[in-house]
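This report concerns only the one structure given below.
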Amino acid sequence: VNLRNQLQDAIDNEALTVFYQPVIDSRTGQARSVEALVRWKHPEQGLVSPVDFIPLAEETGQIVALGKWVLGQACRDMVRLHAAGFRDCSMAVNVSPVQIRKADFVDVVKQALQASGLAPASLELEVVESAVLYDTDLVIRTLHELRDLGVRIAIDDFGTGFSSLSYIKLMPANKIKIDRSFIKDVIQNRSDAAITQGVISMAHHLSLEVVAEGVETEAHAAFLRRNHCDLLQGFAFARPMPYADLINYMNEHG
Ligand code: G
Ligand code: G
Ligand code: MN
Ligand code: NA
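To convert, count from 1 in the sequence shown and add 559; that's the UniProt record's numbering.
What follows is the structure, encoded as structure tokens:
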């Protein structure tokens with residue numbers, strides 16, 4: 560069997576699982592949200608990373624069913640987390656440019672919210688800049704409909720897409736996530752430091768919150784705090800983890 564069929568099998572039989580990575584308030588140290596990151600429970604290979612199957616799923620269109628499943632699971636898990644007492648935590652879900660172009664995407668989101676009972680304001684959708692590169696009007700309109708529902712929008716992997724700053728103006732976003740490639744060498748590399756400081760400043764002038772991804776060391780975190788980055792995500796705080804571990808993490812850091 561080829562990979563496409565195996566993946567279809569995994570989608571049909573729910574051989575997927577969602578891990579959650581906390582996003583930390585840089586001032587209080589508390590987890591403010593978690594990002595849902597899908598894994599494939601492969602019978603021979605164990606947990607397969609999304610980088611090894613999301614591109615295929617986007618090519619074949621399987622990302623639509625897969626993304627819908629992740630969204631449903633993530634909403635249900637966040638309702639459980641709220642019921643466990645962590646009511647201020649919100650759920651961030653990655654949305655592929657392929658998904659967001661589907662005519663029924665807003666209905667899929669509404670359905671996931673209604674079925675789970677999650678409040679729209681507790682859901683954040685992460686969209687890469689390049690999602691607005693094609694079918695710009697359609698995607699921008701969809702983002703506005705989502706915002707009107709009360710859902711929040713984050714621009715993911717900021718700075719890496721083939722995009723233009725004019726799109727930032729068009730996208731009705733609440734938040735910018737600085738890609739981890741800028742954070743990795745931010746202490747040694749003057750360009751990375753300048754870009755990171757510039758993006759934080761730009762985001763704040765646009766009234767957007769900023770998250771730094773790939774925060775791996777206390778030095779990264781200190782630099783980012785000093786430069787008023789609102790939120791921090793990375794191995795320095797927590798790796799993506801199963802829901803059962805998240806409850807324990809929140810008991811300590813929620
Ligand atoms: O979890 P990991 O760090 O390996 O994630 C790798 C990449 O896969 C990230 O770029 C992330 O945005 C993407 N990814 C993870 N889960 C999902 C998902 O549910 N949908 C989409 N479209 N991308 C995802
Ligand atoms: O949506 P995005 O592509 O940003 O997904 C986050 C990805 O980054 C996931 O694959 C996650 O496992 C990974 N990741 C999260 N924190 C870190 C980190 O501190 N360092 C590195 N190298 N990768 C990270
Ligand atoms: Mn993301
Ligand atoms: Na990202």
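Idealized CB from N, CA, C, for every residue including glycine.
Within 10 angstroms of the beta-carbon of Phe578 lie 16 or more other beta-carbons, which makes it buried.
When rounded, the separation of the alpha-carbon atoms in Arg598 and Asn786 is 34 Å.
Beta-bridge pairing by DSSP links Tyr579 to Ala595 and Met800.
Going by beta carbons, Ile759 and Val774 fall outside the 8 Å limit.
Taking C-beta atoms under 8 Å as the contact rule, Ala651 and Glu617 fail to qualify, at a distance of about 19 Å. Membership of Val758 in the alpha helix (DSSP H) is indicated by the continuous run Arg749 to His764.
Nearest neighbour of Leu596 by Cα position, chosen from Ile712, Ala713, Leu566 and Met800, turns out to be Met800. Your pair Gln580 and Ala797 checks out as a contact, with CB atoms roughly 6 Å apart and the cut at 8 Å. Assignment of Leu677 by DSSP, reduced to helix, strand and coil, places it in the coil class.
Remark: C-beta atoms of Leu765 and Ser585 do not approach each other more closely than 8 Å. Looking from the CA of Glu603, the closest CA among Gln621, Lys627 and Ala574 belongs to Ala574. Judged by DSSP secondary structure, Asp568 falls within the alpha helix (DSSP H) whose first and last residues are Leu562 to Asp571. The alpha-carbon separation between Ala690 and Ile806 amounts to approximately 33 Å. Judged by DSSP in its simplified three-state form, His601 adopts strand. DSSP, read as helix, strand or coil, puts Phe794 in coil. Each of Asp715, Ala678 and Phe612 was checked against the Cα of Arg635, and the nearest Cα belongs to Ala678. Distances from the CB of Leu596 to the heavy atoms of ligand 1 include at least one below 7 Å.
Distances taken from the Cβ of Pro801 to the heavy atoms of ligand 1 include none shorter than 7 Å. Distance from Thr755 to Ser740 at the Cβ level is roughly 11 Å; contact not present, criterion being Cβ atoms closer than 8 Å. For the stretch 596-656, the full-length alpha helix (DSSP H) segments reaching 4 residues or more read 613-619 and 622-642 along the chain.
With fewer than 16 neighbouring CB atoms inside 10 Å of its own CB, Thr587 falls in the exposed class. In terms of Cβ geometry, Ile659 and Thr619 do not form a close pair [threshold 8 Å].
With respect to the C-alpha of Glu704, the residue from Trp628, Phe664 and Gln567 having the closest C-alpha is Phe664.
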